[in-house]
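Here the structure comes first, spelled out in structure tokens, and everything after it is commentary.
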Amino acid sequence: MKKLSFAIISFILTLSVIPQLTEASEADSLDPTISSELTNKELTLTTKSGNLERFVETIGEHKVERTLSVEATAYTAHCEGCSGITKTGINLLQNPDKKVIAVDPEVIPLGTKVWVEGYGVAIAGDIGGAIEGNRIDVFIQSEDEAFRFGRRDDVEIKLLSDA
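Here full-length UniProt numbering is used: the first residue of the sequence shown is 1, the next is one more, and so on.
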């Protein structure tokens with residue numbers, strides 16, 4: 001329903017932008033702010049066939065479904081009281097090079113492939129007691145590296161699906 005509503009609104013916007021373009025005075029067309037704004041709207045909303053074009057962002061062979069800004073910290077499999085086994089059953093002690101993040105499953109479902117700025121493509125495969133809302137924990141092999149990672153605000157992550 002959201003996609004249909006967006007398409008209808010975009011079509012209506014297209015109809016309202018085109019008359020503005022034909023009525024623009026010569027002085028308006030010399031103003032770079034106005035002309036670039038209208039040009040961008042034309043390129044975004046119209047295609048050769050007259051239908052709206054959908055631009056799809058991809059990372060490798062994965063389609064970006066959603067982008068979030070999160071607070072990121074790091075964890076290891078060697079902490080006191082840790083088993084090294086994630087909530088989804090990944091053994092981080094046997095797979096120390098695996099890219100895994102801990103998430104709030106209400107925000108990012110477990111099993112989701114994600115791209116994390118500064119970390120790469122990973123799997124949302126764990127949860128954590130302090131991981132709520134837009135917070136993630138990235139798995140890092142060594143405790144020293146995890147401390148160096150620290151806490152980072154406004155880290156961009158992209159939720160991926162197969163393209």
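By construction, the Cβ of each residue, glycine as well, lies at the ideal position given by its N, Cα and C atoms. As the structure is a computational prediction, the values presented were derived from the model and not from experiment.
Who are the near neighbours of residue 133 in its chain, counting only those whose CB is closer than 7 Å to its CB and skipping five residues on each side?
104 and 107
Express the C-alpha separation of residue 157 and residue 68 in angstroms, rounding to a whole number.
5 Å
Burial state of residue 144 (16 or more Cβ within 10 Å):
exposed
Would residue 130 be called buried (16 or more neighbouring beta carbons within 10 Å of its own) or exposed?
exposed
Classify residue 150 as buried or exposed, calling it buried when 16 or more other Cβ atoms lie within 10 Å of its own Cβ.
exposed
Can you tell me which of the three DSSP states residue 132 falls into?
coil
Does the count of Cβ pairs from the stretch 117-130 and the stretch 89-99 closer than 8 Å reach three?
yes
Using the DSSP secondary-structure output, state which residues sit across from residue 58 in a beta bridge.
63
Measuring alpha carbon to alpha carbon, tell me which of 95, 154, 135 and 70 ends up nearest residue 142.
95
For residue 75, list the residues DSSP reports as bridge partners.
139
Label residue 147 either buried or exposed according to how many other C-beta atoms from any shown protein chain fall within 10 Å of its C-beta, with 16 as the threshold for buried.
exposed
Residue span of the beta strand (DSSP E) that contains residue 152, given as start and end:
152-162
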